[in-house]
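Read through the structure below, which is laid out as C-alpha cells, and then see the notes.
2 protein chains.
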Amino acid sequence: MPVVAIDDPDDPRLAPYRAVRERDLVGRQGLFMAEGEVVLRLLVRRGRFPLQSLLVSERRLEALGDLVADLPADCPVYAVSQAVMDGVAGFSIHRGVLGVGVRGEEPSLDALLEGLPPRALVAGLVGIANHDNVGGIFRNAAAFGADAVLVDPATCDPLYRKAIRVSVGAALVTPFARAASPDALLEGLARHGFTILALSPGGRRSLSEVRRTARMGVLLGTEGPGLPDAILGRVETVRIPMTGDFDSLNVATTSGIVLHHLAMQA
Amino acid sequence: MPVVAIDDPDDPRLAPYRAVRERDLVGRQGLFMAEGEVVLRLLVRRGRFPLQSLLVSERRLEALGDLVADLPADCPVYAVSQAVMDGVAGFSIHRGVLGVGVRGEEPSLDALLEGLPPRALVAGLVGIANHDNVGGIFRNAAAFGADAVLVDPATCDPLYRKAIRVSVGAALVTPFARAASPDALLEGLARHGFTILALSPGGRRSLSEVRRTARMGVLLGTEGPGLPDAILGRVETVRIPMTGDFDSLNVATTSGIVLHHLAMQA
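In C-alpha cells, the structure reads:
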C-alpha cells in the first residue's frame, strides 16, 4: 500500500490520532496507541497485534522506509508534516511516528497459564496503577524471559501508551491476562501448579535463599501499602534485604532483582 | 520561629518559589528545591543540607505540624493558600509542601573517597542525563547501603528537583562528588584502592560470577551508547545475562540488580 500524504489536519483518516492524551484517559475500545520507532518496529516484527494504520512525520519517512516496506498491504501509512502531526495529536510528537494497534481478544487467565511450558516464570501484579511501573515490570519480564504477566483489576492497562513506551515495547511481547480479583490471580497460579512468592519488605525469607521451582509465580504490589494481608497470609513471603534506615525500593526495580535471581537458576 | 501567613503572591519572600520549572532548567546558584512530605522530612531529619525556608499550603499545615516543629529557629515557614502556592510555583503543587535547601560546598572526589571506610561500595555514573534514572540509582544506592555516588560532567545534577523526588530523598542521603571527566572518575577510584566493574551488555563476566572486594566501584553508562570504549577497555566488564531477543534493561534497574548482588556479599 502506498504512503498517503495528508495536508488537511481535519482529514477523517487522522481521527484515531486526534487528542492523544485525552484518549489515553478514556481508552480506545479495542485499539491502542503505540509511539516511537523502537516500539513500532517491535510491533510489526512480532506481529502479535495487527497495526491498523501508521502516522509518520514527513521528515522521518525516509529513515523509516524499511519499517513501512514491512507493513502488511492492508495497513495504510499517512505522511503528514510535523506541524499537522503535533496539531492533531495535541502535543509535540518528537519521535515522529505513531501507530494504532488492534488489541484483539485477550486470553483468559486459565487459557494463558494452561498454554505455558512445564517450566515457566510468571509475574502477578496487584494494584499497580502507575504506568511507569507497569511498563518497567514488563521490560524486566521480557529481559529475563518471564513467560507471562498477570494483572489484577486495579493494575493499569499494559497497552496504555505510556506503559508500552516505558516497556520499550515489551508490553507487546510478553503475553498477559487479567484476573477478576487478586484472589482469582493467586488461585489461578495455584490451580496451574505454580509455586507462589509474594514480595514484601517484611517477607519471611530473604530472596537469596529462594530456589527456583519449575513453575514459579511472583506477586508484586504497590510501593506504599504493598500486597494485601489476605494474600501475604496465604503464600510464601520474600523480602529483599535493605540497609536499615532507607528500606525503599521501586516496584519495577524489585521485579528486576527478583526475576534476575530466578532467571539465573533456570 | 512562628509560621508566617502570606496572602500576597507578589510577596518578595516567595521569590525562591517562583516559576519552579523554569528555574529547574537554569539552576539555583547554591540552592536546590525539594518537594513533598517524605523528602522534606528526610531533609530535616538528616540535617546534611540546611533548609533556607519552607512553603506550606494551609491545608497541609496541621498534618505537617511535627515537621515544622523540628525546624531550626532560623528557618522561616511560609503558609499560603493552595491557589497562591500553585500560582507562584507555576503549576499545581498537589503535595502541598516545598522547601529551598542550601547546597553548601561539595566534597572533592578525592576527599569523599579518602573518607570512606576500608570496605566501601561506590557507584560511578557516566553520561546519565535522565533525572529519573539518576534519582532511581540514588534510591537503589541508599537502599543497598552504597557509601557514595560519583557523577561525571554529563550526568545530571543529583540535587535537581525531579532527581531528588524520584530518589525518594536518597539524593539528600548518599554522599556524592563530581569528577572532572569519566577518566578522572575512573582514576580516582583506582587511586583509592577500588576494584572497578563496568556494566555493559557485552561484558566479559556474568554478574553472578562477580565476588565482592573490600572497595568496589560500579560504573554505569547511558542505556543507548553505554560506557565509552576507552573506559570499557581499561577495567573489568560485567554483563547481566538476558533473554536473547529482548536484551534491554533500564540503567536504574541495572544498578539495583548489581548493588543487591554486591550488598548480599557484604
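Residue numbers (the working numbering), protein chains in the order written: chain G, 951 to 1216; chain B, 951 to 1216.
The C-beta atom is built at its ideal place from N, Cα and C for all residues, glycine as well.
Values in this document were obtained by computation on a predicted structure and should not be read as measured data.
> Using the beta-carbon count (16 or more within 10 Å), is B:G943 buried or exposed?
Replying inline: Since the first residue shown for chain B is 951 and the last is 1216, residue 943 of chain B is missing from the structure and cannot be characterised.
> CB G:V1116 to CB G:L1075, shorter than 8 Å?
Replying inline: no
> On the premise that G:G1077 lies in contact with G:T1163, defined as a C-beta separation below 8 Å, what is that separation, rounded to the nearest angstrom?
Replying inline: Not really, about 25 Å apart at Cβ, beyond 8 Å.
>> So G:N1200 contacts chain B; which residues on that side make the cut at Cβ distance below 7 Å?
In response: G1086 and R1089
>> DSSP has G:R1184 in a bridge; who is on the other side?
In response: In the DSSP output, where bridge partners are listed per residue, G:R1184 has none listed.
> Closer than 7 Å: is that where the CB of B:E1186 sits relative to any heavy atom of the ligand FMN?
Replying inline: Although the ligand FMN was asked about, the structure shown includes no ligands whatsoever.
> Of all the alpha helix (DSSP H) runs that stay within the bounds of the stretch 1113-1167 of chain B, which reach a length of 4 or more residues?
Replying inline: 1132-1141
> With G:V1188 and G:L1212 assumed to form a contact (beta carbons below 8 Å), what rounded beta-carbon distance in angstroms separates them?
Replying inline: Going by Cβ atoms, the distance from G:V1188 to G:L1212 rounds to 11 Å, so no, they are not a contact pair.
>> Between G:A1148, G:A1079, G:V994 and G:P1132, which has its C-alpha nearest G:L1048's C-alpha?
In response: G:V994
> How far does the beta strand (DSSP E) with G:Q1032 in it reach, from first residue to last?
Replying inline: Not the beta strand (DSSP E): G:Q1032 falls in the alpha helix (DSSP H), residues Q1032 to A1039.
> For B:G1179, which option in B:G986, B:D1197, B:A1148 and B:V1168 has the closest C-alpha, if you only look at C-alpha atoms?
Replying inline: First, the residue type needs correcting, since residue 1179 of chain B is Asp and not Gly in the sequence shown. Out of B:G986, B:D1197, B:A1148 and B:V1168, B:A1148 has the C-alpha closest to the C-alpha of B:D1179.
> So, using beta-carbon positions, are G:E987 and G:R1045 closer together than 8 Å?
Replying inline: yes
> Between the stretch 953-966 of chain G and the stretch 1022-1033 of chain G, are three or more C-beta pairs nearer than 8 Å?
Replying inline: yes
> Which residues, in order along the stretch 1145-1168 of chain B, keep a beta-carbon less than 7 Å from a beta-carbon of chain D?
Replying inline: No chain D appears in this structure, whose protein chains are G and B.
> When you check each C-beta in the stretch 1182-1208 of chain G against every C-beta of chain B, which residues fall closer than 9 Å?
Replying inline: I1190, P1191, M1192, T1193, G1194, D1195, F1196, D1197, S1198, L1199, N1200, A1202, T1203, T1204, S1205, G1206 and I1207
>> For B:A1073 and B:I1087, which I take to be in contact (beta-carbon distance under 8 Å), what is that distance rounded to the nearest angstrom?
In response: 6 Å
> What do you get for G:G1206, buried or exposed, if any count of 16 or more other CB atoms within 10 angstroms of its CB means buried?
Replying inline: buried
> Can you list the residues of chain B that G:V1118 reaches, using a CB-CB cut of under 7 Å?
Replying inline: S1198
> Buried or exposed: G:L975, going by 16 or more other Cβ atoms within 10 Å of its Cβ?
Replying inline: exposed
> In the DSSP assignment, what residue or residues form a beta bridge with G:A955?
Replying inline: G:A1029
>> Can you pull the chain B neighbours of G:M1214, defined as C-beta to C-beta under 9 Å?
In response: S1156, L1157, S1158 and P1191
>> Quick check: the Cα distance between B:A984 and B:T1203, rounded to an integer number of angstroms?
In response: 24 Å
> Which same chain residues, not among the five before or five after B:N1083, have their C-beta less than 6 Å away from its C-beta?
Replying inline: V1201 and A1202
>> Suppose you measure from the CA of B:L1177 to the CA of B:R1184; what does that come to, to the nearest Å?
In response: 11 Å
> Thinking just about the alpha-carbon of each residue, which of G:R1009, G:R1010, G:L1011 and G:P1022 is nearest to the one in G:L1001?
Replying inline: G:P1022
> Is any beta-carbon of chain B found at less than 8 Å from that of G:H1081?
Replying inline: no
> Residue ranges of each alpha helix (DSSP H) run of no fewer than 4 residues wholly in the stretch 1036-1075 of chain B, ordered along the chain?
Replying inline: 1059-1064
> Bridge partners of B:T1172, per DSSP?
Replying inline: B:G1176
> What residue range is occupied by the uninterrupted alpha helix (DSSP H) comprising G:A1023?
Replying inline: Counting along the chain, G:A1023 falls outside any alpha helix (DSSP H), and DSSP gives it neither H nor E.
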